[in-house]
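Chains as they are written, first to last, in our numbering: chain B, 1 to 239; chain X, 240 to 478.
2 protein chains.
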Amino acid sequence: MTTSLSFHRPRAVILLSGGLDSATALAIARETGFDCHCLSLDYGQRHRVELDAAVRVARMLDAREHRIFRLSLRDFGGSALTDDAIDVPTEGIRPGIPATYVPARNTIMLSLALAWAETLESRDIFIGVNAVDYSGYPDCRPEYVAAFEKLANLATKTGVEGNRMTIHAPLIKLSKAEIISRGKALGVDYGITLSCYRADADGRACGVCDSCRLRREGFLSAGIPDPTRYFRESPPRRV
Amino acid sequence: MTTSLSFHRPRAVILLSGGLDSATALAIARETGFDCHCLSLDYGQRHRVELDAAVRVARMLDAREHRIFRLSLRDFGGSALTDDAIDVPTEGIRPGIPATYVPARNTIMLSLALAWAETLESRDIFIGVNAVDYSGYPDCRPEYVAAFEKLANLATKTGVEGNRMTIHAPLIKLSKAEIISRGKALGVDYGITLSCYRADADGRACGVCDSCRLRREGFLSAGIPDPTRYFRESPPRRV
Numbered sequence: 001m002t003t004s005l006s007f008h009r010p011r012a013v014i015l016l017s018g019g020l021d022s023a024t025a026l027a028i029a030r031e032t033g034f035d036c037h038c039l040s041l042d043y044g045q046r047h048r049v050e051l052d053a054a055v056r057v058a059r060m061l062d063a064r065e066h067r068i069f070r071l072s073l074r075d076f077g078g079s080a081l082t083d084d085a086i087d088v089p090t091e092g093i094r095p096g097i098p099a100t101y102v103p104a105r106n107t108i109m110l111s112l113a114l115a116w117a118e119t120l121e122s123r124d125i126f127i128g129v130n131a132v133d134y135s136g137y138p139d140c141r142p143e144y145v146a147a148f149e150k151l152a153n154l155a156t157k158t159g160v161e162g163n164r165m166t167i168h169a170p171l172i173k174l175s176k177a178e179i180i181s182r183g184k185a186l187g188v189d190y191g192i193t194l195s196c197y198r199a200d201a202d203g204r205a206c207g208v209c210d211s212c213r214l215r216r217e218g219f220l221s222a223g224i225p226d227p228t229r230y231f232r233e234s235p236p237r238r239v
Numbered sequence: 240m241t242t243s244l245s246f247h248r249p250r251a252v253i254l255l256s257g258g259l260d261s262a263t264a265l266a267i268a269r270e271t272g273f274d275c276h277c278l279s280l281d282y283g284q285r286h287r288v289e290l291d292a293a294v295r296v297a298r299m300l301d302a303r304e305h306r307i308f309r310l311s312l313r314d315f316g317g318s319a320l321t322d323d324a325i326d327v328p329t330e331g332i333r334p335g336i337p338a339t340y341v342p343a344r345n346t347i348m349l350s351l352a353l354a355w356a357e358t359l360e361s362r363d364i365f366i367g368v369n370a371v372d373y374s375g376y377p378d379c380r381p382e383y384v385a386a387f388e389k390l391a392n393l394a395t396k397t398g399v400e401g402n403r404m405t406i407h408a409p410l411i412k413l414s415k416a417e418i419i420s421r422g423k424a425l426g427v428d429y430g431i432t433l434s435c436y437r438a439d440a441d442g443r444a445c446g447v448c449d450s451c452r453l454r455r456e457g458f459l460s461a462g463i464p465d466p467t468r469y470f471r472e473s474p475p476r477r478v
């Protein structure tokens with residue numbers, strides 16, 4: 001027997017890129033009981049086709065709403081993802097911050113999420129950052145998320161009035177394999193997500209950029225078949 | 240005798256609204272020796288004519304560059320400045336956070352400044368916030384600025400690599416009269432700035448919104464003639 005409940009679920013804003021991690025973060029937010037308002041950013045990214053994946057993911061996971069904001073970070077450049085003259089590395093993950101780092105990207109996206117959350121009377125923002133199987137981006141680390149949460153509570157009327165804003169980063173300490181296992185248990189179809197920085201117009205992945213390598217390794221470690229469509233006939237077996 | 244120096248001045252990013260405070264912050268950054276890269280945001284503000292003032296101010300104060308980014312915060316609403324259905328208060332400054340508060344506005348603008356600063360290899364951002372003669376916005380307080388600076392150093396490659404990012408808020412503890420006196424000494428022509436939230440298309444001010452009241456009181460206290468053009472024939476003598 002199902003019971004119809006009349007109360008409203010609390011609202012959360014979810015940053016959604018269309019990739020594996022943010023899809024899982026959305027699934028977790030939904031499972032937690034939030035009404036999910038998804039925000040994507042069309043920032044002039046090389047792999048703009050990821051936004052098509054974001055649309056599919058929001059629909060699959062019953063988001064209440066999905067908005068795509070447009071703000072070109074190509075005007076700034078300085079990243080392989082926003083400047084076509086800088087190549088995306090394909091040789092494997094190296095120490096240090098890679099060329100795909102986009103200056104202040106997560107800070108800009110969290111700021112937009114904060115503005116939206118406040119007007120929605122939401123106190124919860126979800127971001128799918130991860131600091132285990134990741135590329136070494138500084139704005140994916142726990143200390144960064146904690147600093148943004150502190151800022152969010154100082155910056156807003158919501159925070160000043162004592163209604164605490166929370167930045168949820170539920171994947172931050174999970175391995176990629178754990179993220180995938182968690183998402184599978186929550187019904188995420190990773191076949192509709194897109195992680196590749198060099199994806200073609202059909203959304204097929206290269207298999208060799210850092211994002212593809214981390215993803216593929218995650219499926220291997222989790223013992224779950226990789227549903228990714230690659231544009232190379234045989235992706236490298238060693239990741 | 241003048242000496243020609245061959246070194247480059249360090250770069251700073253200056254948030255420039257076109258109002259009195261940000262013009263003064265720009266003048267201070269210039270006086271300090273920075274090469275000034277000004278950033279304005281066309282966010283759908285009711286007083287969009289302030290952007291014309293920003294263009295004039297950047298030119299007057301020899302900015303190296305002035306960019307106006309467009310990102311509509313009308314999509315979020317929730318403020319008298321971004322929702323025409325909410326009136327701008329004209330009855331005088333009251334306790335609490337007023338209807339002109341724009342959720343996360345300074346956080347969004349500082350995030351953009353951070354992205355630009357990093358690609359410019361600049362380590363200095365200027366913002367003309369003030370926590371003395373102000374409207375009570377939470378994102379104008381010293382603790383907010385300190386929290387953003389901390390975030391900036393955790394968020395960026397620049398910060399992680401040990402090159403400290405600094406958020407300069409040179410006006411934060413000054414009265415409006417002190418800001419005006421400082422700017423006058425640095426050659427700012429306040430007649431070309433625009434502070435009014437209800438300015439008409441010609442850039443004339445209403446004289447009665449909070450921003451006009453603070454500005455007018457500042458000129459009175461500083462003993463400096465108010466160069467503001469008002470669209471009312473006689474602005475109220477009492478502010």
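Heads up, the beta-carbon is just placed ideally off N, CA and C, and yes, glycines get one too.
Candidates the options: closest to residue i by CA position
i, options, result
"B/G33", "B/H8, B/Y43, B/A131, B/Y137", "B/H8"
"X/A324", "X/V447, X/L280, X/L310, X/T339", "X/T339"
"B/S40", "B/R213, B/G19, B/G203", "B/G19"
"B/D124", "B/T158, B/S135, B/C140", "B/T158"
"B/E178", "B/P138, B/V102, B/E217, B/L120", "B/E217"
"X/L433", "X/R454, X/A386, X/A266", "X/R454"
"B/A104", "X/T395, X/A297, X/L265", "X/T395"
"B/C209", "B/D62, B/T90, B/L81", "B/T90"
"X/H276", "X/L290, X/H305, X/M404", "X/H305"
"X/L459", "X/K415, X/D301, X/Y383", "X/K415"
"X/T405", "X/R437, X/I431, X/R380, X/S361", "X/S361"
"X/L410", "X/A391, X/V288, X/P381, X/A444", "X/P381"
"X/A268", "X/S374, X/R285, X/A302, X/S420", "X/A302"
"B/N106", "B/F126, B/R164, B/T119", "B/F126"
"X/Y429", "X/A262, X/R443, X/N402", "X/A262"
"X/G283", "X/D260, X/I347, X/S311, X/T467", "X/S311"
"X/P464", "X/K423, X/S256, X/D372", "X/K423"
"X/L349", "X/S318, X/P334, X/F308", "X/F308"
"B/E31", "B/L186, B/Y134, B/V57", "B/L186"
"B/A115", "B/A152, B/F231, B/E50, B/D133", "B/A152"
"B/D42", "B/A27, B/R56, B/T82, B/R182", "B/T82"
"X/L265", "X/C435, X/V384, X/N402, X/R421", "X/R421"
"B/D75", "X/T358, X/L300, X/L290", "X/T358"
N-terminal and C-terminal residue of the beta strand (DSSP E) that residue i is part of
i, result
"X/E304", "304–309"
"X/V252", "250–254"
"B/I167", "166–168"
"B/D42", "35–42"
Outcome for residue i when other beta-carbon atoms lying within 10 angstroms are tallied against a minimum of 16
i, result
"B/S130", "Position check: residue 130 of chain B holds Asn in this sequence, whereas Ser was assumed. Buried is the call here."
"B/V13", "buried"
"B/A201", "exposed"
"B/D139", "buried"
"X/P249", "exposed"
"B/D87", "exposed"
"B/E161", "exposed"
"X/M240", "With a pLDDT of 47 at X/M240, under the threshold of 50, the modelled position of this residue cannot be trusted; read the value that follows with caution. Per the 10 Å Cβ criterion, exposed."
"B/R213", "buried"
"B/K173", "exposed"
"X/R298", "exposed"
"X/G331", "exposed"
"X/P337", "buried"
"B/R94", "exposed"
Extent of the continuous alpha helix (DSSP H) to which residue i belongs
i, result
"B/V55", "50–60"
"B/R182", "176–185"
"B/T32", "20–32"
"X/R285", "Premise fails: X/R285 is in no alpha helix (DSSP H) and is neither H nor E."
"B/R215", "210–222"
Heavy atom of the ligand FAD within 8 Å of residue i beta-carbon
i, result
"X/F315", "The model on display carries no ligand, and the ligand FAD is accordingly not part of it."
Min CB distance residue i to chain A below 9 Å
i, result
"X/L393", "Among the protein chains of the structure shown, namely B and X, there is no chain A."
Name, going along the chain, the residues of the region 312–330 of chain X whose beta-carbon falls closer than 8 Å to a beta-carbon of chain B. For the region 312–330 of chain X, which is checked against every Cβ of chain B, the residues closer than 8 Å are L312, D314, F315, G316, G317.
Taking only runs that begin and end inside the region 89–168 of chain B, name each unbroken alpha helix (DSSP H) of 4 or more residues, in chain order. With a minimum length of 4 residues, the continuous alpha helix (DSSP H) runs that stay inside the region 89–168 of chain B are 105–120, 142–155, 157–160.
Positions along the region 350–377 of chain X whose CB lies within less than 7 Å of some CB in chain B: The residues in question are S350, L351, L353, A354, W355, E357, T358, P377.
Using a beta-carbon distance cut-off of less than 7 Å, what residues from the region 93–104 of chain B approach chain X? Cβ contacts with chain X: I97, Y101, P103, A104.
Members of the region 192–209 of chain B near chain X, C-beta cut-off 7 Å: Residues: none.
Counting only Cβ-Cβ distances shorter than 9 Å, please list the residues of the region 28–40 of chain B near chain X, keeping chain order. Only those residues of the region 28–40 of chain B whose C-beta falls short of 9 Å from the nearest C-beta of chain X would be listed, and there are none.
Under 9 Å, CB to CB, which of the residues in the region 155–173 of chain B have a partner in chain X? Hits within the stretch, in order: A155, T156, K157, T158, G159, V160, E161.
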